[in-house]
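Trainee:
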Amino acid sequence: MPVLLQTTAYCLTELPKNVQSRVLERYRAFYVHDDWYQSIYEHADQAAQLLGITINRKHINTQRLCTTPAIYFQGFCSQGDGACFEGHFSSPGNSSQIVANIAAFSPEDVDLLNIAKRIQHLLVHTDDQLTATLTHNGSRYSHPSTICVDAELVSESDETIEAITPPQGIETELTEALRHFMGWIYRKLEREFEYLTSDAQIAEALNSNSFLFTEFGEPAA
Numbered sequence: 188m189p190v191l192l193q194t195t196a197y198c199l200t201e202l203p204k205n206v207q208s209r210v211l212e213r214y215r216a217f218y219v220h221d222d223w224y225q226s227i228y229e230h231a232d233q234a235a236q237l238l239g240i241t242i243n244r245k246h247i248n249t250q251r252l253c254t255t256p257a258i259y260f261q262g263f264c265s266q267g268d269g270a271c272f273e274g275h276f277s278s279p280g281n282s283s284q285i286v287a288n289i290a291a292f293s294p295e296d297v298d299l300l301n302i303a304k305r306i307q308h309l310l311v312h313t314d315d316q317l318t319a320t321l322t323h324n325g326s327r328y329s330h331p332s333t334i335c336v337d338a339e340l341v342s343e344s345d346e347t348i349e350a351i352t353p354p355q356g357i358e359t360e361l362t363e364a365l366r367h368f369m370g371w372i373y374r375k376l377e378r379e380f381e382y383l384t385s386d387a388q389i390a391e392a393l394n395s396n397s398f399l400f401t402e403f404g405e406p407a408a
């Protein structure tokens, strides 16, 4: 015959600290949505456009109606972790304003501003003729060094378009700047993930949803 059992239930903050830690660890990944990185992707894409970078796009649903920047990353605790993308680079027009545009877009981001300074210098130095194609090297990793940068100096006249290979130093400096930008994206992703999986965020989610636990930290219902 059925037996009625009574259990004392506790909210998270009523549990001992060591039990709270176990509960938080158990639920740490549970409240991270599959598309948690989407806002970082969109922010990075906006910054990229100001820098003259066009990131390839990919479909985000089976109906293939919506696209998102095709940024790929691995993280966040292994030596080979990082972020990368394929795409194209060329002057966004009025290249002398790149630094000013980035400063207006994200005035507190010193790292992004330094990237803008490097790219602006390269474009001004090459009379806005510097272009590049960014392709992945085919490895199974997703970090900046897996991206190959093939740069050209492209000059256009009324009748012809001429492309020549830039000096080695120009291509090397551009490669470093573009990979630095990929590293910037990775650091944004890493900080967002650390925030979403922090003890404070998980505790807030559990408390706001009125989760109750036994004295051992198991779900009470």
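For the sequence shown, my numbering begins at 188 and goes up steadily by one. Beta carbons are placed, not taken as given, at the ideal position from N, Cα and C, and that holds for glycine.
Run through the DSSP bridge pairs and tell me what R215 is partnered with.
Mentor: Translated into positions along the sequence shown, residue 215 becomes position 28. Per the DSSP secondary-structure output, R215 pairs with nothing in a beta bridge.
Trainee: With three or more beta-carbon pairs closer than 8 angstroms as the criterion, would you say the stretch 373-380 touches the stretch 197-209?
Mentor: no
Trainee: Do you know whose CA, among K204, Q193, P189, V210, lies nearest G404's CA?
Mentor: Position 217 of the sequence shown, counting from 1, holds the residue named residue 404. Taking only the C-alpha atoms, the option nearest G404 is V210.
Trainee: Three Cβ pairs or more, each shorter than 8 angstroms: is that satisfied between the stretch 296-307 and the stretch 251-268?
Mentor: Contact check between the stretch 296-307 and the stretch 251-268: fewer than three CB pairs, one atom from each, fall below 8 angstroms, which does not count as touching.
Trainee: Pull up the CB-CB distance for A291 and P256, whole angstroms please, since I reckon it's below 8 angstroms.
Mentor: Counted from its first residue, the sequence shown places residue 291 at position 104. Counted from its first residue, the sequence shown places residue 256 at position 69. Actually they are not in contact, since the Cβ atoms of A291 and P256 sit about 21 angstroms apart, beyond 8 angstroms.
Trainee: Select from T401, L365, I302, D222 the residue whose C-alpha is nearest the C-alpha of H330.
Mentor: Locating residue 330 in the sequence shown gives position 143, counting from the first residue. The candidate whose alpha carbon is nearest that of H330 is L365.
Trainee: For G274 and S395, what's the separation of their Cα atoms in angstroms?
Mentor: On the sequence shown, residue 274 is found 87 positions in, with the first residue counted as 1. On the sequence shown, residue 395 is found 208 positions in, with the first residue counted as 1. Between G274 and S395, the C-alpha separation is close to 42 angstroms.
Trainee: Do S277 and T318 have their C-beta atoms closer together than 8 angstroms?
Mentor: For the purposes of this step, residue 277 is taken as the residue at position 90 of the sequence shown. For the purposes of this step, residue 318 is taken as the residue at position 131 of the sequence shown. Cβ distance < 8 angstroms, so S277 and T318 count as in contact.
Trainee: Bridge partners for R244 per DSSP, in chain order?
Mentor: For the purposes of this step, residue 244 is taken as the residue at position 57 of the sequence shown. According to DSSP, R244 bridges with P256.
Trainee: Among the candidates T384, A287, L238, whose CA atom is the shortest distance from the CA of Y214?
Mentor: What you label residue 214 is simply residue 27 of the sequence shown in a count that begins at 1. Nearest of T384, A287, L238 to Y214, Cα basis: T384.
Trainee: Is the CB-CB distance between I285 and P294 below 8 angstroms?
Mentor: To locate residue 285, count along the sequence shown from 1; it is residue 98. To locate residue 294, count along the sequence shown from 1; it is residue 107. Taking 8 angstroms as the Cβ cut-off, I285 and P294 do not qualify as a contacting pair.
Trainee: For Q207, count neighbouring C-beta atoms within 10 Å of its own C-beta (all shown protein chains included) and say buried if the count is 16 or more, exposed if not.
Mentor: Indexing the sequence shown from 1 puts residue 207 at position 20. Buried: at least 16 other Cβ atoms inside 10 Å.
Trainee: Are I302 and F368 close, meaning C-beta to C-beta below 8 angstroms?
Mentor: Here residue 302 refers to the residue found at position 115 when the sequence shown is read from its first residue. Here residue 368 refers to the residue found at position 181 when the sequence shown is read from its first residue. Yes. Within cutoff.
Trainee: With respect to the beta strand (DSSP E) encompassing G356, which residues constitute its N-terminal and C-terminal limits?
Mentor: As a working mapping, residue 356 is identified with position 169 in the sequence shown. G356 -> not in any beta strand (DSSP E); alpha helix (DSSP H) instead, spanning 355-383.
Trainee: Compute the distance between the beta-carbons of E343 and T352, then report whether it is under 8 angstroms.
Mentor: For this step, residue 343 is matched to residue 156 along the sequence shown. For this step, residue 352 is matched to residue 165 along the sequence shown. No, they are not a contact pair.
Trainee: Under 8 angstroms, do N288 and L237 count as touching if we go by C-beta distance?
Mentor: Residue 288 sits at position 101 when you count from the first residue of the sequence shown. Residue 237 sits at position 50 when you count from the first residue of the sequence shown. The answer is yes: Cβ separation under 8 angstroms.
Trainee: State the Cα-Cα distance for the pair H246 and I258, rounded to the nearest angstrom.
Mentor: Here the question's residue 246 lines up with position 59 in the sequence shown. Here the question's residue 258 lines up with position 71 in the sequence shown. Cα-Cα distance, rounded: 12 angstroms.
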